[in-house]
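Asks:
Protein chains: 2
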Amino acid sequence: MSEAREIRLGVLGCGTVGTSFCQLIADQAEVIEARTGIRLRVVSVSVRDLAKPRAGVDASLLTTDSAALVSDPGVDLVVETMGGVEGTRELVLAALRAGKPVVTANKALLAAHGPELYAAADEANVDIGFEAAVAAGIPLIGPLRESLVGEDISRVMGILNGTTNYILSQMTEKGADYADALADAQALGYAEADPTADVEGHDAAAKASILATLAFGRSVLGDDVHTEGISKITAEDIDDADRRGFVIKLLGVVERFDDGSIGARVFPAMVPKLHPLAAVRDSFNAVFVEGVGIDQVMLYGRGAGGHPTAAMVVGDTVNAAMNLVAKTHRRVVNLGPAVVRPVEDIESAFFVSLEVADEPGVLAAIANEFGEHMVSISSMEQEDLESTARLLFITHHAVESNFRATLTGIEALPAVKSVGRVLRVIGS
Amino acid sequence: MSEAREIRLGVLGCGTVGTSFCQLIADQAEVIEARTGIRLRVVSVSVRDLAKPRAGVDASLLTTDSAALVSDPGVDLVVETMGGVEGTRELVLAALRAGKPVVTANKALLAAHGPELYAAADEANVDIGFEAAVAAGIPLIGPLRESLVGEDISRVMGILNGTTNYILSQMTEKGADYADALADAQALGYAEADPTADVEGHDAAAKASILATLAFGRSVLGDDVHTEGISKITAEDIDDADRRGFVIKLLGVVERFDDGSIGARVFPAMVPKLHPLAAVRDSFNAVFVEGVGIDQVMLYGRGAGGHPTAAMVVGDTVNAAMNLVAKTHRRVVNLGPAVVRPVEDIESAFFVSLEVADEPGVLAAIANEFGEHMVSISSMEQEDLESTARLLFITHHAVESNFRATLTGIEALPAVKSVGRVLRVIGS
């Protein structure tokens, strides 16, 4: 490190985020120096194709050798914007083990190997910054690591995926079908050609695992998260929810129970229209953090995009550089693996619609099934169809396995034609 | 500092926040030690009255000598929860100059002397933490100092005072008069017997000055903030706003203009019902941060209360203790005094209601006044009364002095009976 406290940055990858990052550093270096006494300079950028033009990035800094960039003694700090998991993990580990702080926005990497990387950073006494990995444009990771370090957090819940929130918003506001809303999201570049990672909830699950690890100090990986997507949600479901005062949102929910076990789930939920999460529209993200002291805090903003992501990567880089100069770091606390509570053992309120024969005694038989499985009904509405009736139930909180057993019992009743959509209900 | 990295805390004041803080430290010390390797222990608490019982605070730690607490070599870090400005300033300065980090929730102190205290902390290479001074239960100061350190912030705007938001929410939702809503807030303990600091906007102005200093790196004091309160808002104003799709909220707005000058204002504003700030009800606070990279971020939560405030004071204490151990600190950047732009020179959209004679040519004469002063009309509605008419205008953005000159011109028109409420309009 030079006398002038210049910190030399090596950037892995130069796509949208990497390019934005290099431009932001060039634009802001003087302001950052005035604010922190540290001069940030990009000295090396690894790319796959040297020939591709990259606006605002000096071509003489480009290299195709990522491993050499990481081990270069002329690089003090590594910014990982290349994506990917397996090869990227080795590069990040090599950087950390060489005593270089790493900043990354790579949620898939952290969902698969976060605890290993956090431990490597801690061992090397350097920072690993990942503010942009979850709800990219929202300062969320920082508050969980800093301002809320004294808080006993009980639950983190939110809209963690902008693509699905855009699709659900379109379905809610324009009455669009799922397929049309998805096509619209793809046309706008919000959704990939293969939208699986977004619409089946895997992206949100990766983020939920990172939040759980951070909030509760226990390793939760992406695979630990019970994950349901939105691809089966229909315009009729949206309409059913709307007429009862709800909207449907894809939520990530991580929580700690009294016995210390941790719940980690991603699922489409019915959210009351008056709940602040119901007002989060389009591709925005929002996250609720709940704890004993703070009660509830909500953080809201852009969940993706090159600019918001790069802005947060810059913030992490500044903080990691300051800590590098001070020869200190902020540990990601990890007290060991989490005991993850299976989804069957977690309590939720549930919505279910049933189609039943319109004859006497049906409701009593159904109510009996609820009662036998200790599931208490919060509200019921009946809609008369031609020869049948639709019954729409919302339950009080019930253990999921009991609710599923109730459904099995209900399905076996002769008067029940079909069991329709089942959705969990929050905040009612 | 002991081998075990025990940090000994001296607490100035033992009211609601001080008591909650001591209890939280006792409850959380083990968790904090596991997370950070630092043991926090309260070793001294200064009070006015030794005889008063304080739940959960060891009576043997109490002292009436605040100055001795601050200079005690057995105290490593000072937590200021006593309030007050002048005597408190000297104690905080003495602590900082003795190399002890200080954590405070005292917005009045920072609005009057923040830049001096930040400089003293910087000189002593220790932290001054004040997360709880603005929007107590929301992590806001931390993100501005950390995650957003790389962001070029253009505006911070929000609901910074829970008491007035409660009063306005009651007026909006229950049609209550101002006086009744205030009495209700007083009965619930949300408003003081003398509510001036809240209802006239001084509390929000203190917080706005702290946010401006932090967001723009220039000293803005409480007295620099143009301040208007809510005590003149009537049920009719709320109703006028409601029928046009707005709610009235007391906002703090700090912004940086292209010439580097800074606007700092607190005023009751018309906010569109679809704006996220419109959904912030009761005594909650919410703050928008806007910048080039992040676009918009909103942070929402409890603005006051012993528990949320104490939780944030604990977070600051942990962070300051970690930095003390690492012999580093986070500077509050200050590039010198702000050039504060006078309110007359700032652009806003305005709402105004006029009572006019119901006769031909009136509207033309009024429109002429708007035009002459370069104020463009966004919308106009007419309500017919018995012999007169009410005209309700919303303007496009206009320089405030031009709008005021327009009103002077309009008042002089013979057909104009009276100029009613004038309110700034945001986000339309």
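First to last, the protein sequences are chains A and B. Each residue of the first sequence is one higher than the last, beginning at 807 in the numbering used here. Each residue of the second sequence is one higher than the last, beginning at 807 in the numbering used here. Even for Gly, the Cβ is constructed at its ideal location relative to N, Cα and C.
Please list, in chain order, all residues of the same chain as Ala1084 of chain B whose beta carbon is under 6 Å from its beta carbon, the five residues on each side excluded.
Replies: The beta carbon of Ala1084 of chain B sits closer than 6 Å to the beta carbons of Val1053 and Val1077 from its chain, once the five residues preceding and following it are set aside; these are given in chain order.
Asks: Do we get a CB-CB distance below 7 Å when we pair Leu974 of chain A with the residues of chain B?
Replies: no
Asks: Given Val863 of chain A, which residues of its chain have a CB within under 7 Å of its CB, disregarding the five upstream and five downstream residues?
Replies: Cys820, Thr825, Cys828 and Val851
Asks: Thinking just about the alpha-carbon of each residue, which of B:Lys858, B:Ile934, B:Met888 and B:Thr894 is nearest to the one in Gly1246 of chain B?
Replies: What is shown of chain B runs 807 to 1234, which leaves residue 1246 of chain B out entirely.
Asks: Could you work out which residues of chain B lie near Met1104 of chain A, taking near to mean beta carbons separated by less than 7 Å?
Replies: Tyr1106 and Gly1107
Asks: If you count every other CB in all the chains shown that lies within 10 Å of the CB of Thr970 of chain B, and 16 or more means buried, which is it?
Replies: By the 10 Å Cβ count, Thr970 of chain B comes out buried.
Asks: Quick one: Cα of Arg903 of chain B to Cα of Val909 of chain B, how far?
Replies: 14 Å
Asks: Touching or not, the stretch 1044–1052 of chain B and the stretch 923–939 of chain B, by the rule of three or more beta carbon pairs under 8 Å?
Replies: no
Asks: Give me the Cα-Cα distance between Glu886 of chain B and Val1138 of chain A, rounded to the nearest whole angstrom.
Replies: 28 Å
Asks: Only counting the same chain, and skipping five residues up and downstream in sequence, which positions put a Cβ closer than 6 Å to that of Thr1115 of chain A?
Replies: Val823, Ala911, Ala938 and Ala942
Asks: Mind checking if Pro945 of chain B is an interface residue toward chain A, Cβ cutoff 7 Å exclusive?
Replies: Residue-level contact check: Pro945 of chain B touches chain A, since one or more beta carbons of chain A fall below 7 Å from its beta carbon.
Asks: Distance, Cα to Cα, Gln992 of chain B vs Asp1151 of chain A?
Replies: Distance between the alpha carbons of Gln992 of chain B and Asp1151 of chain A is about 45 Å.
Asks: At a Cβ threshold of 7 Å, is Leu954 of chain B touching chain A?
Replies: Yes, Leu954 of chain B counts as interfacial toward chain A.
Asks: Look up Phe1090 of chain A in the DSSP assignment and give the residues it is bridged to.
Replies: Within the DSSP secondary-structure output, Phe1090 of chain A pairs in a beta bridge with A:Arg1108.
Asks: What residues in the stretch 876–902 of chain B bring their beta carbon closer than 9 Å to a beta carbon of chain A?
Replies: Against chain A - using a Cβ distance shorter than 9 Å - the stretch 876–902 of chain B contributes no residues.
Asks: What span of residues does the beta strand (DSSP E) with Arg796 of chain B cover, start to end?
Replies: A query on residue 796 of chain B cannot be resolved here, the shown segment of chain B reaching from 807 to 1234 and no further.
Asks: So for Pro1074 of chain A, helix, strand or coil by DSSP?
Replies: strand
Asks: What span of residues does the alpha helix (DSSP H) with Thr765 of chain A cover, start to end?
Replies: Because chain A spans 807 through 1234 in this model, residue 765 of chain A falls outside it and cannot be assessed.
Asks: Taking 7 Å as the CB-CB cut-off, is Pro1078 of chain B touching chain A?
Replies: At a cut-off of 7 Å between beta carbons, Pro1078 of chain B makes no contact with chain A.
Asks: At 9 Å on the CB atoms, spell out the chain A contacts of Pro1114 of chain B, in chain order.
Replies: Gly1099, Ile1100, Asp1101 and Val1103
Asks: Thinking C-alpha only, which one of A:Ile1200, A:Val1162, A:Gly1215 and A:Ala1170 is nearest Glu1189 of chain A?
Replies: A:Val1162
Asks: Would you mind stating whether Val1181 of chain B and Thr1212 of chain B have Cβ atoms separated by less than 7 Å?
Replies: yes
Asks: Within 7 Å of any Cβ in chain B, is that where the Cβ of Arg1230 of chain A sits?
Replies: no
Asks: Can you give me the C-alpha to C-alpha distance between Leu1169 of chain B and Asp1029 of chain B, rounded to a whole angstrom?
Replies: 40 Å
Asks: Pick helix, strand or coil for Val940 of chain B, following the three-state DSSP scheme.
Replies: coil
Asks: Should Asp1009 of chain A be labelled buried (16 or more other beta-carbon atoms within 10 Å of its own) or exposed?
Replies: buried
Asks: Kindly say whether Gly1121 of chain B, judged by its beta-carbon, lies nearer than 7 Å to any beta-carbon of chain A.
Replies: yes
Asks: For Pro1148 of chain B, is the classification buried or exposed, using 16 other Cβ atoms within 10 angstroms of its Cβ as the cut-off for buried?
Replies: exposed
Asks: Measuring only the C-alpha atoms, how far is His1202 of chain B from Arg1196 of chain B?
Replies: 20 Å
Asks: Can you tell which of B:Phe1199, B:Phe1176 and B:Ser1193 has the C-alpha that lies nearest to the C-alpha of Glu1187 of chain B?
Replies: B:Phe1199
Asks: For the stretch 959–1031 of chain A, which segments carrying the beta strand (DSSP E) assignment without a break, of at least 3 residues, lie completely within its bounds, in sequence order?
Replies: 959–965
Asks: Sorry if obvious, but does the Cβ on Ala857 of chain B come closer than 6 Å to a heavy atom of the ligand ATP?
Replies: No copy of the ligand ATP appears in this structure; indeed no ligand is present at all.
Asks: Cα separation between Glu809 of chain B and Asn1125 of chain A?
Replies: With a pLDDT of only 48 at Glu809 of chain B, under 50, the local geometry of the prediction cannot be trusted, and the value read off the model is given with reservation. One C-alpha to the other measures close to 27 Å.
Asks: Counting along the chain, where does the beta strand (DSSP E) carrying Ser872 of chain A start and finish?
Replies: From DSSP, Ser872 of chain A is part of no beta strand (DSSP E) but of the alpha helix (DSSP H) over Ser872 to Ser877.
Asks: May I have a chain-ordered list of the beta strand (DSSP E) segments no shorter than 3 residues that lie completely inside the stretch 1158–1215 of chain A?
Replies: 1183–1190 and 1194–1201
Asks: Please report the straight-line C-alpha distance between Leu867 of chain A and Val848 of chain B, rounded to a whole angstrom.
Replies: 52 Å
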